[in-house]
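Worksheet: one structure, shown below.
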Amino acid sequence: MFFPRRIAVSALVASLAMLAACSSDSSTEPLPTPVLGASGQATSTTVVKITFTSKAGDTGYNVERAEGTAGAFAQVGTVTAPATPGSVTFTDTGLKASTLYRYHIVTMKGSSVSSPSAEISVTTLAFGFAAAEINTDITANRTLYADTTYTLKGFIHVANGATLTVQPGTTVKGDFNTLGSCLMVLRGAKIQAVGTADAPIVFTSSRTAGSRQAGDWGGLIIVGNAPSARTGAVEIEGSGTDGTTVVGGKNYQVIYSGGTTATDNSGELKYVRVEFAGYAPSLNNELNAFTFAAVGSGTKVSYVNAVNGLDDSFEFFGGGFDFSYGVGFEGEDDQFDMSEGFQGRLQYIISYKSTNIPIRTGAGSYGTDMEGIENDGCIGSGCANGYDTTPYTQPLVANFTLIGAGSQTIHGPGGGFGMMLRRGVAGYYVNGVVARYPAGGISVRDVNTYARAGSVAIPDLATADFAVKNIYIAETPVAFQAASATQFVFDLAGNNIGYDGARTAASLFASIPATGSVPSGAFDFTPAAGSPIAAGGLATFTGKLAAKAGTAVTGTTYLGAAAPGGAKWWQGWTIYVRN
Amino acid sequence: MRIIRTLLVVLLVSAAVHAEAQTARPGRIVGRVIDAGTGLGLSDVAVQVVGTRLGTMSGLDGRFTVNGVAPGTVTLFARRIGFQPKTITGLFLDPGKTLEQNVSLAAATLQLGVVTVSATAERGSVNEALDQQRLSLNVVSAVTSEVIAKSPDGNAAQAVQRISGVTVQDGKYVFVRGLGERYTTSSLNGSRVPSPEPEKRVVPLDMFPAGLLQTITTTKTFTPDQPGDFSGAQVDIRTKEFPAERAYTLSLGSGASSSATGKSIPVARTAGGEPWGAVGHKRDLPALLAGLGNLQGLNLSPGEKNMLVGLFRNAWSPTPSTAAPLASGAFSVGGNDPILFGHRIGYLFSGTYSNGTDEKSNQVRALANRGSVTGSTDEIDRFTGATTSQNVLWGGLANISTLLGGNHRFLVNAMYNRSAENNARIERGHFENEGIDARIQRMQYVERAVQSLQLGAEHSLGEQHTFDWAVTSSKVQRNEPDRSEFVQQIVTNPSGGETLRWIPTGNGGAVRTFSVLDEVNEEARANYQFSFGSASRPHRIKLGGLMRNTSRDADTRAFSITAPGAPPSVTELAPEQIFDGRFSGLSTEVFDLAPLAQGGAYSARDHLTAAYLMGEWSATEKVKVSGGARVEQDHLDVDAVSTLGAPLSTSKRWNDLLPALAITWTLPRDQQVRASVSRTLARPEYRELSPIKSRDVLNGDDTQGNDQLERTRVFNVDARWEWYPHSGETVSFAVFAKSFDRPIERVYRSAGSGTRTVFYTNADKADNLGVEVELRKSLASLVSLLEGFQLFTNVTVMQSSITLPKNTQASATNLKRRMVGQAPYVLNTGLTWVNKSGKASATILFNQVGDRIDAAGDTPLPDVIERARSVVDFSLRVPVFNGLSARVDAKNLLDSPYRTTQGTVTRDRYRAGRTFTAGLSWRP
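Residue numbers (the numbering used here), protein chains in the order written: chain A, 1 to 579; chain B, 1001 to 1924.
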């Protein structure tokens, strides 16, 4: 049904025409072409499934296998081409556990054979790991155990006030084959995922390491009951794609607006990684690695790492809670994105982007404006006063280290700023480092945003809702995007903002890769000896900033997410991989 | 052109042969006898040629034929029991020719004297008796072929907007009494026309060329013999029947559009076949790609994707071209000849073709954002540019009918229409989100075809019984192959000038979309009517049934092409360079390819069974009461493939009883008052029931259906006073009220990051109240100098309010407001002049529709309003010599801009340009 007969027939006719055209070139039958898009998956310790799409006119396919990286190929089976071109599956059994096998497929057409298709590498599963599927909503308290690898199949909701407890060291995979698989912790429900530095909790793709891509699965979505700036029914991006009724296991509509309790508690995340998430259940609605929607201040989030998500690494819609020790690697849009009246306090956060990771086909697309931090006021329906809608988005972001890729091509035509602060956003951005952004360090966009700062170049912390203080900016063409009618610039000296456009990001830190090179994974974000970021911090908070910070966030004498000589808090539990 | 010339020669030769055969042979008189009180055909009327022994009895539908009449001046005499006999004088019959003369008979009063009238006068009284507006039980308005011929209207959509209370949107879609298109149904010769639009159930009436039309009737009140799913109106298009004697017409025309003709404008690239609206497979999705489905679950290598990108047609940017003048041509041949063993067969074959190029110039579009001050709006994402359109419309029909034994009439009607538009749009503007300037190029090609084959018959079984039936098979197709969108960033160079750089990331940088829709309707219906009572107090009982099977398949597939990491040396090339193959080899890794709008496929199966029983009872000679009820049973199944590849099915079973009651009082001095009450319904469109989320083909909104939708029940009350002071003159005043229970309304759902989705929901209720005034007046009766001038005007003023539930799903729309699409007023007025012979005429028409909601605003934004717009059209017909006549038409003389606004923001604005055409018509 998905392909109307007419398209199928025309496809057939066209391929026949193509064949006819080819055959006129020589008197012999043309060589068949190899199949495209073959894939393989280990389904147990001894079984591998090979899947590919047949083509019209082919008579059959020989599946050939080789063991290890160097073994020779030998035929292991033959599949007859189905009458109607479609998906063909070959199941190879009797294999060894934890062993790498390579496969390719040879197309047969009568007596002619094609050259082999592209190689597929599959490693069979190891012994001793229990596996479990989660394919229905979690509506009663449940614990996930570290000795089991769980696979999420479909849109799994933790609902009905249930608490999902996840033991340290547990791995939860989002199923690649069940499109959009994700975990949504709904309003009223809780997640207690507290790992340790030695045994973090990992949410990742079900594909084998080495073949994972951004958007392989959905991501982790937490919906609380705290207020947000937009009124009316506002739904989680990507939810509600298949039916509007509440049915277990389906992607029903999840509303996050209308929260009432600022102190709402959605549980705790600690030492949690989310990798290769970001599938878009509908067009332009990619899920984020971590989505916090209307999450209240009773929730605790610390030591969280987003790796290679297709949309943002961390996105915050309204609500407000304390968030510390967060690392975003290579997210394919923004690393931190706050909007709709978010009130949270973030301290010690790192954003590192060096490239765009390949995307799972059909999962979505790269952002056209990738920034380190992209904070908005209110945008969309339910913003009663447009960009001036209250509550303002007013986070406190302290001790941030934002490092870009240094390439406008990577960041997209509208991206490439360390911080994009726009659409009437407020908040306090202090003690940070912004480096290697191709468009500029900071963009203060829209007259409404500037108004939050009192419409002055040196905001007064005693009165301003918005200030950027004690920042160091390096390896960018400009510190602030050039002033215009809709674009504003803060005074550098008056706000203790250091700027050296020629200075490299690598020179600021103890050890980070040079622009354009592939990270080895051993980052050291502490200030290099003599680095300007080792000092110059705002140690004492005053005025509205102090009131906002309370006891949760304190000033530092240094800039960035790591103290000189301090703990390398990101080491051991974060991971840098590309596939 | 050569075809037309050949045709002309054939027609000339055959006309000459025909002329030679005409010697001083006896002629023929044909016609219909109708009841002056009801306009219905009267059978069993004795029709005699006075002074001869020639005569006949009228048969089915009052039709009669008298053969072998000697040429010269003839007098006819007609009589039937219960009716006043009539003598018609002054008929002149040419040798060997056929003369058509209809006769109206009035119910006998106390005096039984014979009335004698002239043939010319009788034509007037027949016209009056055939006035459907006057005689029909329900409130109807009609545009006849005579009216269309005097107007500049080229298709049914243009003609229908002359009817009171009618609004035509986009030059295609009909709204009646300000209600949305969902409340209007369209039929062709009484059978439902399938909808060729994927997201709406509407028939673009511009697909029906005016040359093929006999009448367009708009019925505004329900009687049980009509389909129950209309509440605003039922628009019935009747194609022409055959003339009494063989006749040919040929017309050719040409013209210019002030916005385009002769100018160099960017036009869409062609693939071949566009001039006939039939590109065949030239724009199909590349076969290899079609076979790979939605690319899900495949593991295509970068090289494989590059190779697939290379398969698309390398067409992205419109090319400049000088716009050709408008051109049109039409021919028809019809007659009633003894073709089959001497048996007379009536026939009409007709064909028409037109094409043209126009431009929507000075086009501005923008989005609105809520401003800081409560209630204010700010403009964002403003783009300016122009859209050019190359349009083609052609079609043909074949009508064949015959009478068997005077009481049985069989007819076959076949029709085929095809239209195509090839659009190109170039615009420049600013994206607020990305903070960049951009240039967008779009090309879109849409072709639609409607075909219909109908077989039917009417049987007169004695004086009192008539039976008719019809079976119809119709099919529509909408094909939108290979739409392209290409977006470039405009980079201002420090040294001056600008560079265009393709945006190779995101979903929208380079997109190709392929969309097909097929819908097939099979319908069978039968009606039986029993008439009794006296001529002055007739009664009727009517019953019948209908069965209709509809099946629709729609599929949309879109692909986004990106080039992540492509350097300026790639992205700064022209699009046709980027995609000429240099980067799409199997070994290159420049492009990425991803499917969009995954799951835009659905199929629907709809089975409708209906039966009705109704009666008309003349309580007195002056008061007629009619009433009855209709039962409809609808089985509807919609299967869709969701974004996630999982099929979703919706199944609905609806049974409805739809009663109706109407009363008509005939008052002295040609006045009438009528009142009616009825219950009708409106069912959801197929796409609206399918709960998948996909991107609209038409306007690019993300759209999601709702499987919880219920049908809307509508309670209708109508009352109308009418006065017919003279033949062809009308004054009427009507009020109407409608109450909608759970009307379906298009609303928005909003999501994080400000994205939103179009959604359909049942509102709680809606009310619609209105007043209609119509005036048709000959000015000769006021000032004798103004003989031949007729003024007509109709105004509808209405008001509606809809209340949406405050539910959790769709509160992103204003909850209480007017219904979407409802205009507060519609005004049509015009002045026509016809000379005494009726061969020369001039008409000037004015049309204005009040501000109406184009789309409900997502709160707190105000609603999007389509602004009132005035249109003036003029047409002139003058005879040249013999059968040759000339026509001059001017359309949209004011060229006032089309404009939609949201608060203070102009959402869309353009000028369509004035159109001038001139042509010649030849009727030998």
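Don't be surprised by glycine CBs; every beta carbon is placed ideally from N, CA and C.
Each residue's CA atom was taken as its position, placing L1453 of chain B and R1548 of chain B some 14 Å apart.
Three or more beta-carbon pairs separated by less than 8 Å are not found between the segment 225 to 239 of chain A and the segment 352 to 360 of chain A, which leaves the two stretches without contact. For R1923 of chain B, there is no enclosing alpha helix (DSSP H), as DSSP marks it with neither H nor E. CA-CA distance, R1439 of chain B to P1564 of chain B, rounds to 19 Å. Judged by beta-carbon spacing, G40 of chain A lies beyond the 9 Å limit of I138 of chain A, meaning their Cβ atoms are not closer than that value. Counting only the Cα atoms, T1513 of chain B lies some 15 Å from T1562 of chain B. The beta carbon of V185 of chain A does not come within 9 Å of any beta carbon belonging to chain B, so the residue lies off that interface. Residues of chain A whose Cβ lies closer than 8 Å to the Cβ of I1163 of chain B do not exist; the shortest such Cβ separation is about 38 Å.
No residue range can be given for H1281 of chain B, since it is assigned to no beta strand (DSSP E) and is classified by DSSP as neither H nor E. Approximately 20 Å separates the beta-carbon atoms of A1780 of chain B and E1774 of chain B; this is outside 8 Å, ruling out the contact. DSSP places Y472 of chain A inside the beta strand (DSSP E), whose first and last residues are F466 to A474.
Distance from the Cα of S1800 of chain B is smallest, within the candidate group B:K1777, B:N1768, B:S1376 and B:R1605, for B:N1768. Under the three-pair Cβ rule at 8 Å, the segment 1172 to 1187 of chain B counts as touching the segment 1231 to 1247 of chain B.
Close CB contacts of D1858 of chain B within its chain, under the 8 Å cut and outside five residues either way in sequence, are with Y1748, S1750, R1756, A1812 and T1813 (chain order). Judged by pairs of C-beta atoms under 8 Å, the segment 1259 to 1268 of chain B does not touch the segment 1332 to 1345 of chain B, as fewer than three such pairs exist. As computed with DSSP, L1188 of chain B is found in a beta bridge with B:S1191 and B:I1237. In the three-state scheme derived from DSSP, where H, G and I count as helix and E and B as strand, Y1248 of chain B is classed as strand. Taking one beta carbon from each stretch, the segment 1390 to 1402 of chain B and the segment 1041 to 1056 of chain B have fewer than 3 pairs nearer than 8 Å; the two do not touch.
Within chain B, the residues P1564 and G1565 have their CB atoms less than 7 Å from the CB of N356 of chain A, given in chain order.
With its beta carbon less than 9 Å from one in chain A, P1302 of chain B belongs to the interface. A:A74 is the residue among A:A74, A:A83 and A:E330 whose C-alpha sits nearest the C-alpha of V106 of chain A. Listed as beta-bridge partners of D1553 of chain B by DSSP are B:D1518 and B:S1603. In this structure, the straight-line span from the alpha carbon of S87 of chain A to that of T51 of chain A is close to 7 Å. The C-beta of K55 of chain A comes closer than 9 Å to at least one C-beta of chain B. Following the DSSP letters along the chain, one finds S1569 of chain B inside the alpha helix (DSSP H) bounded by residues P1568 to T1571.
A189 of chain A and T299 of chain A have their C-alpha atoms roughly 12 Å apart. Proximity of chain A to E1685 of chain B at the Cβ level (cut-off 9 Å) is not reached, the minimal Cβ distance being about 17 Å. Three or more Cβ pairs closer than 8 Å define a contact, and the segment 521 to 538 of chain A falls short of that threshold against the segment 290 to 304 of chain A.
Any Cβ of chain B closer than 9 Å to the Cβ of R212 of chain A would place that residue at the interface, and such an atom is absent. Excluding the 5 residues flanking it on each side, D1518 of chain B has same chain C-beta neighbours closer than 6 Å at Q1477 and D1553, in chain order. The beta-carbon distance between N1521 of chain B and S1474 of chain B, rounded to whole angstroms, is 5 Å. This is short enough to meet the 8 Å contact definition. Separation of R142 of chain A and A1366 of chain B (C-alpha to C-alpha, rounded to the nearest whole angstrom) is 50 Å. Scanning B:F1486, B:S1551, B:Q1363 and B:T1184 for the CA closest to the CA of N1314 of chain B turns up B:F1486. In terms of beta-carbon proximity, A1594 of chain B lines the interface with chain A, with at least one pair separated by less than 9 Å. At a cut-off of 9 Å between beta carbons, Y1445 of chain B makes no contact with chain A.
Linking G1041 of chain B to T1065 of chain B through their CA atoms gives a straight-line distance of about 14 Å.
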